Amino acid sequence: MKAPHIQTAIPKRRYEIDTFSVVVLGDIESRDPVNYKYIMALVEMGASEPFMYVISQENPPGERQYGRYRVRVLLGDDERDMGSDDFPGDLEQFTEFGLQVASRLLQLTEEAPVRLL
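Count along the sequence shown from 1, then add 1; that gives the number in the numbering used here.
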């Protein structure tokens, strides 16, 4: 997986859903060539490293006709571009969208996320 190279970040939200721990990071500093707005990382309980990321990153100025931010999902070796919009720049809207995407991809339709932070 092409995980983001996070140097520093501040946890903004924490959740538990089924057997997964979810953290939404903001104020991200990275050595990657993109500017991250938020990163949602999912870790299986008992594991030390995330296995899935939902990422909000700024589009370059020339690619903002559909929105300022692009959402990407990294799951194993799979990377999916979820498109561009302005909503991924809002913490609440990004978090809700990311939890829906994770629930759908992990087939957690019966489970509700429990907010911890």
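Glycine included, every Cβ here is placed at the ideal spot set by N, Cα and C.
Note that the coordinates shown come from a computational prediction; the quantities given were computed from them, not determined experimentally.
Exposed unless 16 or more other CB atoms sit within 10 angstroms - verdict on residue i
{"i": "S49", "result": "exposed"}
{"i": "R14", "result": "buried"}
{"i": "L43", "result": "buried"}
{"i": "T96", "result": "buried"}
{"i": "Y54", "result": "buried"}
{"i": "Y16", "result": "buried"}
Enclosing alpha helix (DSSP H) for residue i [first to last residue]
{"i": "E97", "result": "92-106"}
Residue i, DSSP secondary structure in three states
{"i": "G77", "result": "coil"}
The beta strand (DSSP E) enclosing residue i, as first and last residue numbers
{"i": "M41", "result": "37-45"}
{"i": "K13", "result": "7-18"}
{"i": "D28", "result": "21-31"}
Cβ of residue i within 8 Å of any chain B Cβ
{"i": "G63", "result": "Structure shown: chain B not included; a single protein chain is present."}
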